[in-house]
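Participant: To convert, note that position 562 of the sequence shown is 844 in the numbering used here; the numbers rise steadily by one, no gaps.
All C-beta atoms, glycine included, are put in the ideal place defined by N, C-alpha and C.
Remember, predicted model here, so these are calculated numbers, not experimental data.
Have a look at the structure that comes next, please.
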Amino acid sequence: MKLLNEILGTKYPIIQGGMANIATGEFAAACSNAGALGLIGSGGMDADSLRENIRRCRALTDKPFGVNIMLMHPQADEFAKIVVEEGVKLVTTGAGNPGKYMAAWKAAGITVIPVVAAAILAKHLEPLGIDAVIAEGTESGGHVGEMTTMALVPQVVDAVHVPVIAAGGIADGRGLAAALALGACGVQVGTCLLASTECPIHENYKAALLKARDSDTIVTGRIGGTPVRVLKNRMSREYVRQEKAGADKMALERFTLGSLRKAVFDGDTENGRAGSRAAARSPPGGRNFCRDGKRSQRLHRRGVQGDHLMKLAFLYAGQGSQHAGMGRDLYETFPAFRAAFDEADAAVDFDLKEVCFTDAAGVLSETQYTQPCMTAFAAGLTAVLREAGVTPDYAAGLSLGEYSALACAGVFDVQTAVALTAFRGKAMAAAAAGRTCGMTAVLGLDEAPLQACCNAAADEGVVQICNYNCPGQLVIGGDKAAVDKAAELALAAGARRCLPLNVSGPFHTSLMHPAGDALREKCKAVRFAPMQFPVLFNCLGHEMGETDTIAALLEKQVQSGVRWEVTVRRLAELGVDAAIEIGPGRALTGFVKKTVGSAISCYPVETAAQLQQLLRTMKGA
Numbered sequence: 283m284k285l286l287n288e289i290l291g292t293k294y295p296i297i298q299g300g301m302a303n304i305a306t307g308e309f310a311a312a313c314s315n316a317g318a319l320g321l322i323g324s325g326g327m328d329a330d331s332l333r334e335n336i337r338r339c340r341a342l343t344d345k346p347f348g349v350n351i352m353l354m355h356p357q358a359d360e361f362a363k364i365v366v367e368e369g370v371k372l373v374t375t376g377a378g379n380p381g382k383y384m385a386a387w388k389a390a391g392i393t394v395i396p397v398v399a400a401a402i403l404a405k406h407l408e409p410l411g412i413d414a415v416i417a418e419g420t421e422s423g424g425h426v427g428e429m430t431t432m433a434l435v436p437q438v439v440d441a442v443h444v445p446v447i448a449a450g451g452i453a454d455g456r457g458l459a460a461a462l463a464l465g466a467c468g469v470q471v472g473t474c475l476l477a478s479t480e481c482p483i484h485e486n487y488k489a490a491l492l493k494a495r496d497s498d499t500i501v502t503g504r505i506g507g508t509p510v511r512v513l514k515n516r517m518s519r520e521y522v523r524q525e526k527a528g529a530d531k532m533a534l535e536r537f538t539l540g541s542l543r544k545a546v547f548d549g550d551t552e553n554g555r556a557g558s559r560a561a562a563r564s565p566p567g568g569r570n571f572c573r574d575g576k577r578s579q580r581l582h583r584r585g586v587q588g589d590h591l592m593k594l595a596f597l598y599a600g601q602g603s604q605h606a607g608m609g610r611d612l613y614e615t616f617p618a619f620r621a622a623f624d625e626a627d628a629a630v631d632f633d634l635k636e637v638c639f640t641d642a643a644g645v646l647s648e649t650q651y652t653q654p655c656m657t658a659f660a661a662g663l664t665a666v667l668r669e670a671g672v673t674p675d676y677a678a679g680l681s682l683g684e685y686s687a688l689a690c691a692g693v694f695d696v697q698t699a700v701a702l703t704a705f706r707g708k709a710m711a712a713a714a715a716g717r718t719c720g721m722t723a724v725l726g727l728d729e730a731p732l733q734a735c736c737n738a739a740a741d742e743g744v745v746q747i748c749n750y751n752c753p754g755q756l757v758i759g760g761d762k763a764a765v766d767k768a769a770e771l772a773l774a775a776g777a778r779r780c781l782p783l784n785v786s787g788p789f790h791t792s793l794m795h796p797a798g799d800a801l802r803e804k805c806k807a808v809r810f811a812p813m814q815f816p817v818l819f820n821c822l823g824h825e826m827g828e829t830d831t832i833a834a835l836l837e838k839q840v841q842s843g844v845r846w847e848v849t850v851r852r853l854a855e856l857g858v859d860a861a862i863e864i865g866p867g868r869a870l871t872g873f874v875k876k877t878v879g880s881a882i883s884c885y886p887v888e889t890a891a892q893l894q895q896l897l898r899t900m901k902g903a
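This is how it looks when you write it as structure tokens:
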């Protein structure tokens, strides 16, 4: 087995970790000159600063160096082009799949080395043409996985045929020797380099690292699903205490405002957040939450270049999360919610409040009632947020929620939105009338094998993939016999679970074609105003194009698959790093987390208490 230095042309089998806002061009050059492979950490940079750092690094060393790209960075596409244009010969990646860049990178002769925290991910990436893989255990600083380096490295070595580089908890020659014994060809180190003379961090931070003992780190964010390893201090202990006490995500974000900057640059090791890669998900720049000339209500996010404002999206829930009682406390608490809800009530031919608040007749889950009720609920919440000065940079809605997103963007008013969804619900119910249909969520199976299962079950009737919710969660729909057969085949093909859904029709399949025809005729009488901000459409997974029309997209949406995973990835590409989920339940929050991890922080809002907490937090920011 070749050692890493033989592969990379360095003196030692060591890669310097691409620590965001720490691994500058100067620092990477110093590491390369010392015999390792220096990496420029692009996580806290924009396109111009990355290009500048590459050029500074090249001017300071004639040794090999590379660039680390966090793939969930909103400018990842630009970074991918820059490394080609600037002649960078090695790229490491994290927080995503580098597949879409591989052809261009390989054509440019770039060595590509992803960072992984699980053997299954390494195995998934190998066919893309990667040159090696960095297996990073939970002992690492900054954002961490769950598996230890000792357990992870040999599993990755056994899973792939490319060289494996070990990372996490490695700080000296003994760690290197252990990594080689586990089958790795070299190591990536980060935290141990922070104490070096060349590292551009405060001397107090360096001293705290040198003083730290074996039990002096702590992992924050485990409960919230965004674990980060940092040094124990007053701030991190209080963070964990608040997290265990049930503090919401936004309150925790406020508590840590500017904490990394305090540690790294100001030298405040008691109130600062000291973790080698703690800012890896914080791109520079920022956005205000609000428009309309009202007082700026803001949510901040940590970033070593200083606190910045979040770029916000509103995400509207779809059908399936409705329940009796939804909106009642909001109606009683917020006049703006009540006014919007009453306006919606005037657009339907049933008692909206009775169905939403009590559902005595048990009709809320019937499509023709569900859709206007969910739209009215969303309109009320949107009205309260708008009154508080909170409007988004982007909006998207899952299936039915798309109508609420369009209403939020000013395309039509509340009454029109509710009337349209009421009509849509009746049209969808009529399209499925007299037909035994079903929908089933399939967990743990990729699109291609699931499509093969649908093809094999087609002799039983129509069955199609109708929702692409997030990695590992697809939904099939159509004739019940065909859906059941496809689900059975999916389990045999390796699906973890197949869960029948409590819905009343084969939504987003070709069986909804009559509903699409009805919507096309209905929309001829609707005036669609220009969008005040972009809305991402289900059937596209992105914003509408120059030749698209809203009416045509709504017609297509009702009978086409919902591309929610692609939509979420597009929001991340656009720089969105915060989202408010509007609607009953937390399904969209879960989909976002499974799709882009911690790159977008989601705040579900369903109750008066949640909304009050959201507004309090924003006012205090």
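1. Within 10 angstroms of the Cβ of Ile402, are there 16 or more other Cβ atoms? Answer buried if so, exposed if not.
2. What does the alpha-carbon distance come out to for the pair Ser883 and Glu742?
3. At a cut-off of 6 Å, is Pro674 close to the ligand ADP when judged by its beta-carbon and the heavy atoms of the ligand?
4. In angstroms, rounded to a whole number, what distance separates the CA positions of Val844 and Cys821?
5. Report yes if the CB atom of Gly300 is closer than 7 Å to the CB atom of Leu321, and no otherwise.
6. Judging by CA-CA distance, which residue of Leu434, Leu407 and Val444 is the nearest neighbour of Gly450?
7. Which same chain residues, not among the five before or five after Gly726, have their C-beta less than 6 Å away from its C-beta?
8. Put Pro731 into one of helix, strand or coil per three-state DSSP.
9. Could you tell me the distance, in whole angstroms, from the CA atom of Gly348 to the CA atom of Val878?
10. Going by beta carbon distance, what residues of the same chain come within less than 8 Å of Ala904, once the five residues before and after it are set aside?
11. Do Gln814 and Gly692 count as a contact pair if the criterion is CB distance below 7 Å?
12. Which residue spans inside the region 662 to 696 form an unbroken alpha helix (DSSP H) run of at least 4?
13. Determine which residues share a DSSP beta bridge with Gly348 and list them.
14. Within a Cβ cutoff of 8 Å, which residues of the same chain sit near Lys284, ignoring the five residues on either side of it in sequence?
15. Check whether the region 818 to 834 and the region 631 to 647 are in contact - that is, three or more C-beta pairs closer than 8 Å.
16. Could you tell me the boundaries of the alpha helix (DSSP H) in which Arg779 lies?
17. Please report the distance separating the alpha-carbon of Met608 from that of Pro866.
18. If we ignore side chains and look at the alpha-carbon of each, how far apart do Pro816 and Ala665 end up?
19. Tell me the DSSP secondary structure of Asp741 in three-state form.
20. So who's on the other strand from Cys467, going by DSSP bridges?
21. Counting pairs of beta carbons, one from the region 678 to 689 and one from the region 596 to 616, are three or more of them closer than 8 Å?
22. Run the CB neighbour count on Lys272, radius 10 Å, all protein chains shown included, and call it buried at 16 or more, exposed below.
23. Taking its Cβ as the centre, do 16 or more other Cβ atoms sit within 10 Å of Leu286, making it buried, or is it exposed?
24. Sorted by chain position, which residues of the same chain lie with C-beta nearer than 6 Å to Ala687's C-beta, five sequence neighbours on each side aside?
25. Less than 8 Å between the CB atoms is what I'm expecting for Ala386 and Val366, so what's the real figure, rounded?
26. Kindly identify the DSSP beta-bridge partner or partners of Phe596.
27. For Ala730, count the other beta carbons within 10 Å of its own beta carbon; 16 or more makes it buried, fewer makes it exposed. Which is it?
28. Kindly indicate which residue of Met794, Ala715 and Thr703 has the alpha-carbon position closest to the one of Lys804.
29. When DSSP labels each residue in this structure, what does Phe309 get in the three-state scheme?
30. Using the C-alpha atoms, what's the distance from Ile758 back to Asp830?
31. Going by beta carbon distance, what residues of the same chain come within less than 7 Å of Ala606, once the five residues before and after it are set aside?
32. Go through its chain and collect everything with a Cβ distance to Ala740's Cβ below 8 Å, but skip five positions before and after it.
33. Can you give me the C-alpha to C-alpha distance between Asp859 and Gly325, rounded to a whole angstrom?
34. Span of the alpha helix (DSSP H) holding Cys339?
35. Using the three-state DSSP reduction, which class does Ile296 fall into: helix, strand or coil?
36. Pull the bridge partners of Leu372 from the DSSP assignment, please.
Facilitator: This is what the structure holds:
1. Along the sequence shown, one-based indexing puts residue 402 at 120. Answer is exposed; the Cβ neighbour count stays below 16.
2. Position 601 of the sequence shown, counting from 1, holds the residue named residue 883. Position 460 of the sequence shown, counting from 1, holds the residue named residue 742. Using only the alpha carbons, I get a separation of about 42 Å.
3. Among the components modelled here there is no ligand, and therefore nothing to report on the ligand ADP.
4. The count along the sequence shown starts at 1 and reaches residue 844 at position 562. The count along the sequence shown starts at 1 and reaches residue 821 at position 539. Answer to the nearest angstrom: the Cα atoms are 6 Å apart.
5. Your numbering for residue 300 matches position 18 in the sequence shown. Your numbering for residue 321 matches position 39 in the sequence shown. In this structure, Leu321 lies closer than 7 Å to Gly300 by Cβ.
6. Taking the first residue of the sequence shown as 1, we reach residue 450 at position 168. Gly450 has its Cα closest to that of Leu434, out of Leu434, Leu407 and Val444.
7. If you number the sequence shown from 1, residue 726 lands on position 444. Same-chain partners within the cutoff: Gly754, Ala777 and Arg778.
8. As a first step, residue 731 must be located in the sequence shown, where it is residue number 449. If DSSP states are grouped into helix, strand and coil, Pro731 belongs with the helices.
9. Taking the sequence shown and counting its residues from 1, the one referred to as residue 348 is at position 66. Taking the sequence shown and counting its residues from 1, the one referred to as residue 878 is at position 596. For Gly348 and Val878, the distance between alpha carbons rounds to 24 Å.
10. The structure shown has nothing for residue 904, since the chain only spans 283 to 903.
11. As a first step, residue 692 is located in the sequence shown; it is residue number 410 there, counting from the start. As a first step, residue 814 is located in the sequence shown; it is residue number 532 there, counting from the start. A contact, by the Cβ cut-off of 7 Å.
12. 683 to 690
13. Indexing the sequence shown from 1 puts residue 348 at position 66. Answer by DSSP bridge pairing, in chain order: Leu321.
14. Walking along the sequence shown from the start, residue 284 turns up at place 2. Excluding residues within five positions, the ones whose Cβ falls inside 8 Å are Pro445 and Cys467.
15. no
16. The sequence position of residue 779 within the sequence shown is 497, counting from 1. No alpha helix (DSSP H) holds Arg779; the beta strand (DSSP E) holding it covers Arg779 to Pro782.
17. Position 326 of the sequence shown, counted from the start, is the residue given in the question as residue 608. Position 584 of the sequence shown, counted from the start, is the residue given in the question as residue 866. Going from the Cα of Met608 to the Cα of Pro866 covers about 7 Å.
18. As a working mapping, residue 816 is identified with position 534 in the sequence shown. As a working mapping, residue 665 is identified with position 383 in the sequence shown. In a straight line, the C-alpha of Pro816 is about 18 Å away from that of Ala665.
19. As a working mapping, residue 741 is identified with position 459 in the sequence shown. The answer is helix: DSSP assigns Asp741 an H, G or I state.
20. Here residue 467 refers to the residue found at position 185 of the sequence shown. The partner list for Cys467 (beta bridge, DSSP) is empty, contrary to what the question assumes.
21. yes
22. Summary: the structure shown does not reach residue 272, with the chain confined to residues 283 through 903, and so no result is reported for it.
23. Residue 286 sits at position 4 when you count from the first residue of the sequence shown. Buried: at least 16 other Cβ atoms inside 10 Å.
24. Translated into the one-based positions of the sequence shown, residue 687 becomes position 405. If we look at Ala687 and ignore the five residues flanking it on each side, its Cβ neighbours are Tyr598, Ala677, Ala678, Gly679 and Val817.
25. Against the sequence shown, residue 386 aligns to sequence position 104. Against the sequence shown, residue 366 aligns to sequence position 84. Contact holds; Cβ gap of about 6 Å.
26. In the sequence shown, residue 596 corresponds to position 314, counting from 1. Note: Phe596 sits in a beta bridge opposite Ala677 and Ile862.
27. Here residue 730 corresponds to residue number 448 of the sequence shown, with the count starting at 1. Flag for Ala730 reads exposed.
28. The residue you call residue 804 lines up with position 522 of the sequence shown. Selected option, being the one with the closest Cα: Thr703.
29. Working through the sequence shown from its first residue, we reach residue 309 at position 27. Here Phe309 sits in helix by DSSP.
30. Indexing the sequence shown from 1 puts residue 830 at position 548. Indexing the sequence shown from 1 puts residue 758 at position 476. Going by the C-alpha atoms only, they are around 27 Å apart.
31. Taking the sequence shown and counting its residues from 1, one reaches residue 606 at position 324. Excluding positions up to five away in sequence, the list reads Thr640, Asp641 and Leu646.
32. As a position in the sequence shown, residue 740 is number 458, starting the count at 1. Correct list, in chain order: Ala764.
33. As a position in the sequence shown, residue 859 is number 577, starting the count at 1. As a position in the sequence shown, residue 325 is number 43, starting the count at 1. One C-alpha to the other measures close to 14 Å.
34. Numbered from 1 along the sequence shown, position 57 holds the residue referred to as residue 339. Start and end: Ala329 to Leu342.
35. Taking the first residue of the sequence shown as position 1, residue 296 is located at position 14. Note: Ile296 maps to strand in three-state DSSP.
36. Stepping through the sequence shown from its first residue, residue 372 is reached at position 90. Answer by DSSP bridge pairing, in chain order: Thr393.
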